[in-house]
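This report refers to the structure that appears directly beneath it.
Numbering (the working numbering), first residue to last: 13 to 58.
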């Protein structure tokens with residue numbers, strides 16, 4: 013489990029996900045802004 017917080021962000025933002033230390037598998041990324049959130053699935057295959 014990992015958690016990162018970015019403050020005072022506005023507009024469209026892109027943050028790369030470094031998967032080098034992740035094992036192969038299915039991961040879910042949850043992005044929240046105030047009272048809204050989105051969950052996306054990523055698949056790491058090595």
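All C-beta atoms, glycine included, are put in the ideal place defined by N, C-alpha and C.
Keep in mind the model is a prediction, meaning the values are calculated, not measured.
Can you give me the C-alpha to C-alpha distance between residue 51 and residue 58, rounded to a whole angstrom? 23 Å
Rounded distance between the beta-carbons of residue 54 and residue 29, thought under 8 Å: 7 Å
Excluding the 5 residues preceding and the 5 following residue 36 in the sequence, name in chain order all residues of the same chain whose CB lies nearer than 6 Å to its CB. 56, 57, 58
Bounding residues of the beta strand (DSSP E) (the contiguous stretch that carries residue 52): First-last of the beta strand (DSSP E) with residue 52: 48-56.
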